[in-house]
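Enquirer: My questions all concern the structure below.
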Amino acid sequence: MLEARLEQAGVLKKVVEAIKDLVQDCNFDCNDSGIALQAMDNSHVALVSMSLSHEGFSPYRCDRNIALGINLNSLTKVLRAAQNEDILTLKAADSPDSLNLVFENTERDRSSEYDIKLMDIDQEHLGIPDTDYSATVVLPSAEFQRICRDLSQLSESVTIEASKSSVKFSCSGDIGNGSVNLRQHQDLEKPDQSTSIELVEPVSLTFSLKYLVNFCKASALSPTVKLSLSTDVPLLVEYKMEAGYVRFYLAPKIGD
Amino acid sequence: KKAQGSIMSFFGKK
């Protein structure tokens, strides 16, 4: 059986909020190392991979591999009943029909209990190869969100160019064009506000802004986001959590 | 115009 107690329900709320517009139904794969999820969007352009390590729970118990097939809309409805600061306990049997969720406030004088029906989801897992990326950019997640939102007003796609000292996001559309250039800089007082670039070789790749705007719904998970780029390889957009991550992969646009 | 690639052409089925 699965029994996992999360100190802050907000963690799961934010994870679900981050991915629910990209995927509707998915399996939460639970085993002794934690809870993981991998799912593609309907059009097979993007892939989300989420991991919550057992270390993020206390206690955590899962003696067998259990796949929890969940409709994320339903889960969102139930999680709305939880405050971010509530303690959340997830429970499921070995071959479960439902997932049990208990929310307790920090004073422990209120507890709410919900059961959510599970579904059989036949999901194929993709093998994500280890990649040595040509460029890795870390920037504030709010900044990335703003850039994607702003540029999406002008165009469907953005070209991301990483060089040694800066990263440039540019687009062109019917009404004109726009670009945002971020120079590498270190903010010693607020390290989360820094922009850092690790470069093996310069890259320039074009991606759909619709998907990037969607990924940015994960911004609440982390103050920074990491973009990993290589020519003709999906973009990796990673939000790190205290004991896990949400990673999005986005297939590039190809051709002229 | 650029065409949108599919994630499945980069990551194979397990």
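Chains B and U supply the protein sequences, listed in that same order. Convert by adding 1113 to the 1-based position in the first sequence; the result is the number in the working numbering. Convert by adding 457 to the 1-based position in the second sequence; the result is the number in the working numbering. Beta carbons are placed, not taken as given, at the ideal position from N, Cα and C, and that holds for glycine.
(1) Using CA atoms only, rank isn't needed, just tell me which of 1356/B, 1336/B, 1318/B is closest to residue 1346/B.
(2) Can you tell me the Cβ-Cβ gap for residue 1321/B and residue 1270/B, rounded? I've got them flagged as a contact below 8 Å.
(3) For the beta strand (DSSP E) containing residue 1122/B, name the first residue and the last one.
(4) Comparing C-alpha positions only, which one of 1201/B, 1359/B, 1364/B sits nearest to residue 1173/B?
(5) Would a check of beta-carbon distances place residue 1260/B closer than 8 Å to chain U?
(6) Looking only at its own chain, which residues have a Cβ that is under 8 Å from the Cβ of residue 1278/B, when we skip the five neighbours before and after it?
(7) Please report how far the alpha carbon of residue 460/U lies from the alpha carbon of residue 1323/B, in whole angstroms.
(8) Which same chain residues end up closer than 8 Å to residue 1169/B when comparing Cβ atoms and leaving out the 5 residues on each side of it in sequence?
(9) Which residues in chain U sit within 9 Å of residue 1362/B, going by Cβ to Cβ distance?
(10) I need the straight-line Cα distance from residue 1230/B to residue 1180/B, nearest angstrom please.
(11) Within a Cβ cutoff of 7 Å, which residues of the same chain sit near residue 1188/B, ignoring the five residues on either side of it in sequence?
(12) Where residue 1117/B and residue 1288/B are concerned, what is the direct C-alpha to C-alpha distance, given to the nearest angstrom?
(13) Kindly provide the ranges of any beta strand (DSSP E) runs that are 3 or more residues long and lie completely inside the segment 1249–1324 of chain B, ordered along the chain.
(14) Do residue 1138/B and residue 1232/B have their C-beta atoms closer together than 8 Å?
(15) So for residue 1163/B, helix, strand or coil by DSSP?
(16) I'd like to know if the segment 1322–1337 of chain B and the segment 1253–1264 of chain B are in contact, where contact means that at least 3 CB-CB pairs between them fall below 8 Å.
(17) Using a cut-off of 8 Å between C-beta atoms, extract the partners of residue 1270/B located in chain U.
(18) Give the C-beta separation of residue 1122/B and residue 1197/B to the nearest angstrom, bearing in mind that I take them to be a contact with Cβ-Cβ under 8 Å.
Expert: In brief:
(1) Checked all of 1356/B, 1336/B, 1318/B; the closest Cα to residue 1346/B is 1318/B.
(2) Right, the Cβ-Cβ distance comes to about 6 Å (below 8 Å), so this counts as a contact.
(3) Counting along the chain, residue 1122/B sits inside no beta strand (DSSP E); it lies in the alpha helix (DSSP H) bounded by residues 1122–1132.
(4) Selection 1201/B, 1359/B, 1364/B evaluated against residue 1173/B yields 1201/B as nearest (Cα-Cα).
(5) Judged by the 8 Å Cβ criterion, residue 1260/B is not in contact with chain U.
(6) Taken in chain order, the residues that qualify are 1296, 1297, 1310.
(7) Between residue 460/U and residue 1323/B, the C-alpha separation is close to 14 Å.
(8) Once the five neighbours on either side are set aside, the close Cβ partners of residue 1169/B are 1119, 1124, 1147, 1354, 1355, 1356, 1357.
(9) Within chain U, the residues near residue 1362/B are 464, 467, 468.
(10) If you take the alpha carbons of residue 1230/B and residue 1180/B, they lie about 13 Å apart.
(11) These residues qualify, in order along the chain: 1129, 1229.
(12) Rounded to whole angstroms, residue 1117/B to residue 1288/B spans 51 Å at the Cα level.
(13) Considered as a whole, the segment 1249–1324 of chain B harbours 1270–1275, 1279–1286, 1289–1296, 1309–1312, 1316–1321 as its complete beta strand (DSSP E) runs of no fewer than 3 residues, in chain order.
(14) In contact: residue 1138/B and residue 1232/B (Cβ atoms closer than 8 Å).
(15) In the three-state reduction of the DSSP assignment, residue 1163/B falls in the strand class.
(16) Yes, the segment 1322–1337 of chain B is in contact with the segment 1253–1264 of chain B.
(17) Simply 459.
(18) About 6 Å; that satisfies the 8 Å criterion.
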